[in-house]
Amino acid sequence: MAMLLSNAIRLPKISYTAEGYRNEASIGAALSRLLPAHSLTRQDVFITSKLAPRSQGYERCQAAVAASLKALQTDYIDLYLIHWPGASGLEPDDPRHAQLRADSWRALEQLLAEGTLRAIGVSNYGVPHLQQLLDTCQTAPHVNQVEVHPYFQQKELREFCGQHKIHVQAYSSLGTTVEVSPLLVDPVVQQVAQEVGRTPAQVLLKWALQHSLSVIPKSTNPQHMRENLELEFSLNDQQMALLDGLERNTKFAWDSRVVA
């Protein structure tokens with residue numbers, strides 16, 4: 036966190052994802068301590084948090100946002116996402132998922148109107164989930180955060196989001212974090228990395244950026260953090276085509292397409 040904030044002068048904003056993984060309190064405490072130390076204010080930091088599946092539903096969603104605000108020690112959240120289209124404790128094909136996530140969205144729309152949330156979105160939503168939401172919502176999601184990388188490109192979903200002006204944010208851009216990611220050792224990725232004089236991770240992140248995706252790579256390694264910011268290079272058409280050709284329909288994260 037300290038290293039990220041130290042780069043805020045050269046970056047428009049620092050984005051830190053507080054994804055509801057029981058880390059909001061620690062992030063809030065760190066920001067309250069580190070922002071003044073780096074002569075920064077709350078406006079210099081972009082905070083994202085997510086609604087956990089156990090908190091789906093109108094009242095529970097409102098309570099969850101209030102708890103996030105308290106833990107993060109802030110009076111607003113820049114981007115708040117529904118983490119998963121399903122609710123905890125229900126079978127994947129249970130029709131109640133649709134109603135609960137619709138109720139959660141109503142709560143987010145209200146909090147957006149009040150200014151408590153500056154932008155709202157979803158995560159792991161497929162085309163059917165998005166279409167259901169668009170059929171009933173007052174405000175379309177600003178963001179859909181989903182798994183995207185050369186092995187799992189989600190072209191249909193990305194096209195749908197583009198048609199409805201929903202920004203796609205990619206997670207797992209480098210593949211799995213379990214042991215060695217096959218993407219990082221893929222011969223094509225390594226070939227392109229050698230051609231441009233960058234690391235395989237930088238190539239994968241740049242591939243996503245050149246497809247108009249934003250990326251949220253996670254690292255606790257200071258060198259990797261710096262490399263994740265050093266993406267001021269371009270992949271040519273041939274290199275992009277090589278990476279596009281790696282599609283395998285291979286997911287590394289859970290598959291939300293089974294959720295009704």
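According to this note's numbering, the residues represented by the sequence shown are 36 to 295, in order.
C-beta: ideal position from N, C-alpha, C; glycine also.
Rounded to whole angstroms, how far is the Cβ of residue i from the Cβ of residue j, which I believe are closer than 8 Å?
i, j, result
"Val238", "Val227", "5 Å"
"Leu125", "Pro185", "33 Å between Cβ atoms; not a contact."
"Gly156", "Gln189", "Not a contact, Cβ separation roughly 16 Å."
"Glu191", "Val162", "7 Å"
"Thr234", "Glu262", "6 Å"
For residue i, collect the residues of the same chain with a Cβ closer than 7 Å to its Cβ; drop the 5 residues on either side in sequence, then sort them by chain order.
i, result
"Leu169", "Ala175, His199"
"Pro217", "Gly210"
"Asp290", "none"
"Leu135", "Gln91, Gly92, Ala122"
"Leu281", "Pro185, Tyr186, Asp221, Val223"
"Gln167", "Ala133"
Can you list, in chain order, the residues of its chain with a C-beta nearer than 8 Å to that of residue i? Leave out the 5 residues immediately preceding and following it.
i, result
"Gln173", "Glu144"
"Gly150", "Tyr111"
"Gln108", "Gly63, Ala64, Leu66, Ser67"
"Leu270", "Val227, Val231, Val238, Lys241, Trp242, Gln245, Leu278"
Can you tell me which of the options puts its alpha carbon nearest to the alpha carbon of residue i?
i, options, result
"Ile82", "Asn58, Leu114, His73", "Leu114"
"Glu7", "Leu278, Gly232, Gln166, Ala137", "Outside the modelled stretch of the chain, which goes from 36 to 295, sits residue 7, for which no answer is possible."
"Arg95", "Pro120, Ala142, Leu107, Gln258", "Ala142"
"His132", "Glu182, His246, Ser90, Leu192", "Ser90"
"Asp138", "Arg153, Asp128, Gly121", "Gly121"
"Gln273", "Leu116, Trp242, Pro252, Leu152", "Trp242"
"Val293", "Ser207, Leu70, Pro127", "Pro127"
"Trp119", "Pro71, Asn159, Gln258, Gln167", "Asn159"
"Phe268", "Pro252, Ala295, Glu230", "Glu230"
"Ser103", "Ile117, Gln78, Ser84, Cys196", "Ser84"
"Ala205", "Arg153, Val178, Leu147, Ile117", "Val178"
"His164", "Ala276, Pro130, Ala101, Ala148", "Pro130"
"Val100", "Leu70, Gln78, Leu146, Arg57", "Leu146"
In the DSSP assignment, what are the bridge partners of residue i?
i, result
"Thr316", "With the chain represented from 36 up to 295, any question about residue 316 goes unanswered, as that position is not in the structure."
"Phe287", "None, per the DSSP bridge assignment."
"Lys85", "Leu116"
"Ala205", "Val181, Val250"
With a threshold of 6 Å on Cβ separation, who are the neighbours of residue i within its own chain once the five nearest residues in sequence on each side are excluded?
i, result
"Arg283", "Tyr186"
"Ala98", "none"
"Ala106", "Glu59, Ala60, Gly63"
Which runs of the alpha helix (DSSP H) spanning at least 4 residues fall entirely within the region 132–190, listed in chain order?
With a minimum length of 4 residues, the continuous alpha helix (DSSP H) runs that stay inside the region 132–190 are 162–171.
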